[in-house]
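Enquirer: Count along the sequence shown from 1, then add 394; that gives the number in this note's numbering. Before I ask anything, let me first share the structure, which is written out below as structure tokens.
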Amino acid sequence: MGAKEGLRTAFKSSVVWQTRQSPKASGAASLIPHSAERGDVDWTEEYNLPKCALRQTAFEEFMARGRSASARTVMCFSTSKLPPSVGTSLLHPPRRAILKAVENGHEIYLYEYKDSAQVKRLLNQASHRFQSRVFPWESRMIRHVPAAGFRDIHSIPKLTFPFEVVDCNSLVAALRDVESVNQQIEQLYQKTRISKEGLRLRFFLTSLIEDVIHRLFPQSVCRPFGSTVNGFAQRGCDLDVNVQLNPDSTRAEQVSSGNQFFFCAKYRPQNERSYIQQTLSTIGAVLESFVPCMDQVVKILNARVPIVKLRHRSLGISCDLTLDNKSSHQTAKVFWMFSVLQPSIRLLLFVVRRWAREIGLTRQNPGIWLSNFQLICLVAFFMQCRSPPLLPSIDMLLKHNFRLDNWQTSAESSPEPRELLIEFFRFFTTSINYENQALNLFTGQLTSKTEFAPLVIWNPMEESHNITRNVASGEWQRCLECMQVAIKLLEQSKGFRPSTPYLMSINDSKSKIRIVQPADSEEDTCRTFLIENEDHTIGVVLRHLVSQYAGIRMCSYSVPHPMEDRILVHVETRDAPALSVLRRALEEARTLYLRLGEKFKNAVSSYEEHSPIKSEEMAEQVAENSE
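Encoded structure:
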């Protein structure tokens, strides 16, 4: 049997009913019901494990099942109009068809097989086309091409998965349809958390990277960490992958001590940092040069933790690679156990993370502001320190004799999300002396500050490292001020009015100006406004105009990021509505700009009329000078 015939036969699957469905629009993705055997449990269900099922080894079991299923997964791009059809004597049908996407006439399937032998038999039927023009790379991303198809099979489309995107219009509608803050926080969580399919795609991408590194180092292991697996993942989140070239080196030394034959190998650099930098650089070069869809590779090797950033063009997932990051797995395990022990931490973190992003406290790129990981630590520490505590210390959690059922009982008596949110803001604005105290998640207590920084949070797994060393004093002070405003808003309102969405910064999407800290009524005297597509010039003008008005307590502006065309304007008055003050200032600024424009236009006209050098003469002089 030829390679094409074998491949076409191999992809006859049990989902032939899809051929009777109407074709999807370009870019749309549809989920396919699982065809698993009865009683088979989907491994992604363990991501949101019930509290009653939690045990010390649950995270390792979840990771092992996810990595195993991903290693048995194949992505197939079909250039034919009909999907691959059913059954074969050569290859058993897939255990389940996970998802299907349609993109510009290409149909994409993600199949999960029962064992690796089936995957190997399938890949043995595949071959290369245009071998003299391509790198003969083999992976679990393959194409199904009709016998008469001679199109470019190596052009892989960029996919668009709806479950990876937060639909802002749908989110706004969902928040406006409910009345209480608690319901809106729940809606925010449900609409923005990662889907099972998104989790599968990230584990699948991790397994593809592991396949690449396996060819160089057969003992290597790649594990996802960070937000992907710690229980707090959002739609469209980045993927963090830790690479270990020899994860069981100590055990391997003990096993091989009686051997007489050894592989010849090259000594690695004695300096640990040099070893990590050189190895990551090589891995990044291999991925960028030879592996399909791996592009936008950026090597950031001089950072405290060297990383290689890349993006999988087809899946649309950005990825950060680290090497021998010893604390990554344990940190992810701790936060995942926190999310299972106390599910309310997810609701609290999602609303805090959204609030911080909307008012410019966090950014997409790292800098002198807070990061999402630091926000996770702030939320977790608050829940450790509140009375009564809702989470144990990390030290207590990792002890073998720790009783999980004690905390499962306390989780049932957790306050409502709105009350927790108010407590969170009040805790960090009133309960900590930042000049003398530091946050220690390992002990779950405030400790003495041993370094000069506006905020000190000791790394949960590396106590000597302050994870907030990058945060500038002005940024942290602004965060505390925003928390105080948020407390006022939450205490004044029982719910979000449709026209006043408070912390979510949801306003008219067509408006250039958005209110990022609105209050309960039009008479509010303290507001912060986000003005899009403007730089600090309008901020200077508005601050000058507003400061001259009577009854103004304060007017300031800030630029969230030097690379972004937007500014934040903060207005505080004694009794006048801050919104009305800003409207007045904008009208005066508009009039001022028009007058300046007219004056400039008249000055230019006057200069051209009275200038002794006409435009033609000026052009001649310029030509002569250039010669």
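Note that CB positions come from ideal geometry on N, CA and C, so glycine has one too.
#1: Which residues does DSSP list as the beta-bridge partners of valine 745?
#2: Can you tell me whether lysine 993 is buried or exposed? The criterion is at least 16 other CB atoms within 10 Å of its CB, across all chains shown.
#3: Mapping the DSSP letters down to three states, classify valine 702 as helix, strand or coil.
#4: DSSP state of proline 618, grouped into three classes?
#5: With distance defined between alpha-carbon atoms, name the residue in Phe529, Ala452 and Met535 nearest to serine 464.
#6: For tryptophan 852, list the residues DSSP reports as bridge partners.
#7: Could I get the ranges of all uninterrupted beta strand (DSSP E) runs contained in the segment 703 to 767, with 3 residues as the minimum, in chain order?
#8: To the nearest angstrom, how far is the alpha carbon of asparagine 766 from that of glutamate 501?
#9: If you drop the 5 nearest sequence neighbours on each side, which residues of the same chain put their C-beta closer than 7 Å to that of glycine 933?
#10: Can you give me the Cβ contacts of alanine 866 inside the same chain, cut-off strictly under 8 Å, excluding the 5 residues immediately before and after it?
#11: For lysine 552, which residues does DSSP report across the bridge?
#12: Can you list, in chain order, the residues of its chain whose CB lies under 7 Å from that of serine 787, leaving out five sequence neighbours each side?
#13: Using the beta-carbon count (16 or more within 10 Å), is asparagine 834 buried or exposed?
#14: Where glutamine 628 and serine 621 are concerned, what is the direct C-alpha to C-alpha distance, given to the nearest angstrom?
#15: Where aspartate 718 and alanine 659 are concerned, what is the direct C-alpha to C-alpha distance, given to the nearest angstrom?
#16: Whose C-beta lies closer than 6 Å to the C-beta of serine 842 among residues of the same chain, with five residues either side of it excluded?
#17: Report the CB separation of cysteine 876 from leucine 755 in whole angstroms; it is logged as a contact under 8 Å.
#18: Determine, using beta carbons only, whether cysteine 616 and isoleucine 588 come nearer to each other than 8 Å.
#19: With DSSP as the reference, label arginine 393 as helix, strand or coil.
#20: Under three-state DSSP, which class holds cysteine 920?
#21: For a test of the three-state rule: what should DSSP assign to aspartate 914, helix, strand or coil?
#22: Mapping DSSP to helix, strand and coil, what is phenylalanine 471?
#23: Output yes or no for whether 8 Å exceeds the beta carbon distance between glycine 625 and phenylalanine 729.
#24: Name the DSSP beta bridge partners of serine 533, please?
#25: Do leucine 633 and leucine 599 count as a contact pair if the criterion is CB distance below 8 Å?
#26: Could you tell me the boundaries of the alpha helix (DSSP H) in which isoleucine 603 lies?
#27: Got a sec? Which residues, its chain only, sit under 7 Å from phenylalanine 969 by beta carbon, not counting five neighbours each side?
#28: Going by DSSP in three states, histidine 794 sits in which element: helix, strand or coil?
Expert: According to the data block:
#1: DSSP output for valine 745 lists no bridge partner at all.
#2: Under this definition lysine 993 is an exposed residue.
#3: If DSSP states are grouped into helix, strand and coil, valine 702 belongs with the strands.
#4: Three-state DSSP puts proline 618 in a strand.
#5: Nearest of Phe529, Ala452 and Met535 to serine 464, Cα basis: Met535.
#6: Answer by DSSP bridge pairing, in chain order: Asn834 and Asn860.
#7: Complete beta strand (DSSP E) runs here, min 3: 711 to 717.
#8: Taking the Cα positions, asparagine 766 is about 35 Å away from glutamate 501.
#9: Correct list, in chain order: Tyr951, Ile961 and Val963.
#10: Excluding five sequence positions before and after alanine 866, the CB atoms of its chain that fall closer than 8 Å to its own CB belong to Ile762, Trp763 and Pro848, given in chain order.
#11: DSSP lists no partner for lysine 552.
#12: Cβ-Cβ distances below 7 Å link serine 787 to Gln778, Phe836, Thr837 and Gly838 in the same chain, with the five nearest sequence neighbours on each side left out; the list follows chain order.
#13: So asparagine 834 ends up on the buried side.
#14: Approximately 8 Å, taken between the alpha carbons.
#15: Here the C-alpha atom of aspartate 718 lies approximately 19 Å from the C-alpha atom of alanine 659.
#16: Same-chain partners within the cutoff: there are none.
#17: 7 Å between Cβ atoms; contact.
#18: Result no, Cβ atoms of cysteine 616 and isoleucine 588 do not sit closer than 8 Å.
#19: Residue 393 lies beyond the residue range present for the chain, which begins at 395 and ends at 1021; the question has no answer from this structure.
#20: In this structure, DSSP gives cysteine 920 an extended state, which the three-state scheme calls strand.
#21: Its pLDDT being 43, under 50, aspartate 914 is placed unreliably by the model, and the measurement read from it follows with that caveat. In the structure shown, aspartate 914 sits in coil (DSSP, three-state: anything other than H, G, I, E or B).
#22: Residue state, collapsed to three classes: strand.
#23: Yes.
#24: Under the DSSP definition of a beta bridge, serine 533 lacks any partner.
#25: The beta carbons of leucine 599 and leucine 633 sit closer together than 8 Å.
#26: Element bounds for isoleucine 603: 590 to 608.
#27: Residue identity differs from the one stated: residue 969 is aspartate in this sequence, not phenylalanine. Within the same chain, aspartate 969 has close Cβ partners Thr919 and Gly945.
#28: Secondary structure at histidine 794: coil, using DSSP grouped into helix, strand and coil.
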